[in-house]
Amino acid sequence: MPRGDCDGEGGGRQPCCRRRGGGGGALVEPAALAALLYSGGYGYDMRKTILDRTDGEVDVDVGGLYRSLRRLEDEGAVVSRWCDEESGPRRREYELTQLGVELAEQWLDALRARRHLDDLLVDLLEGGLAEFGNDERRN
């Protein structure tokens with residue numbers, strides 16, 4: 059993604075872009091935000107929502123999910139409360155704040171820009187492979 063697409067006020071990076079490192083863990087935060095947009099809930103319920111709504115193609119690490127939720131709560135994007143269960147241990151329930159909704163919108167913009175660049179690179183590689191396959195100079 060071009061650097062300027064995610065600059066915030068004062069030239070700082072938006073939270074969605076500060077955490078877009080490599081690896082599968084980079085998508086835990088937007089997946090958590092998406093699950094919370096559908097309904098607040100517990101971490102394991104959120105994981106199930108992500109799995110169900112992506113036909114099992116996106117599976118977040120539960121530990122990474124809880125780390126993301128704690129970070130989001132520290133930033134004010136999520137609030138949580140302990141809930142007493144009739145049976146079993148107490149569980150923490152999570153809910154989005156308005157700041158969390160705004161962060162979800164930032165992630166959507168960043169992911170759309172990334173999808174555009176991914177499509178350009180796919181086209182570039184496909185074209186290059188076709189050219190390479192048609193090159194008469196190859197042995």
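Each residue of the sequence shown is one higher than the one before, starting from 59 at the first, in my numbering.
Note that the Cβ used here is the ideal one computed from N, Cα and C, for glycine as well.
Nothing here was measured: the structure is a model prediction, and the numbers come from that model.
Extent of the continuous alpha helix (DSSP H) to which Glu163 belongs: The sequence position of residue 163 within the sequence shown is 105, counting from 1. Gln156 to Asn192 is the extent of the alpha helix (DSSP H) around Glu163.
Selected residue, minimal CA-CA separation from Ala135, among Leu95, Asp176, Leu178 and Ala84: Your numbering for residue 135 matches position 77 in the sequence shown. Nearest option by C-alpha distance: Leu95.
Same chain, Cβ closer than 7 Å to Val148, five either side skipped, listed in chain order: Residue numbering aside, residue 148 sits at position 90 when the sequence shown is read from its first letter. Residue identity check: residue 148 is Arg in the sequence provided, not Val. Trp140, Cys141 and Asp142.
Rounded C-alpha distance that separates Arg129 from Glu184: By one-based count along the sequence shown, residue 129 stands at place 71. By one-based count along the sequence shown, residue 184 stands at place 126. Spanning the two alpha carbons is a distance of roughly 40 Å.
At least three beta-carbon pairs within less than 8 Å, the region 154-164 to the region 93-113: yes
Per DSSP, cross-strand counterpart(s) of Tyr96: Position 38 of the sequence shown holds residue 96. None, per the DSSP bridge assignment.
Arg150 in three-state terms, based on DSSP: Locating residue 150 in the sequence shown gives position 92, counting from the first residue. Strand, per DSSP.
Length of the line joining the Cα atoms of Met88 and Asp193: The residue given as residue 88 occupies position 30 in the sequence shown. The residue given as residue 193 occupies position 135 in the sequence shown. Here residue 88 turns out to be Pro, not Met, going by the sequence shown. Looking at the two C-alpha atoms, the distance is approximately 43 Å.
Chain-order list of residues whose beta-carbon lies under 8 Å from that of Leu109 (same chain, five-residue window excluded): Taking the sequence shown and counting its residues from 1, the one referred to as residue 109 is at position 51. Excluding positions up to five away in sequence, the list reads Val116 and Asp117.
Chain-order list of residues whose beta-carbon lies under 8 Å from that of Gly99 (same chain, five-residue window excluded): By one-based count along the sequence shown, residue 99 stands at place 41. Excluding residues within five positions, the ones whose Cβ falls inside 8 Å are Ala93, Thr107, Glu151 and Tyr152.
Sequence-distant residues of its chain with Cβ nearer than 7 Å to Leu187 (five each side left out): As a working mapping, residue 187 is identified with position 129 in the sequence shown. Excluding positions up to five away in sequence, the list is empty.
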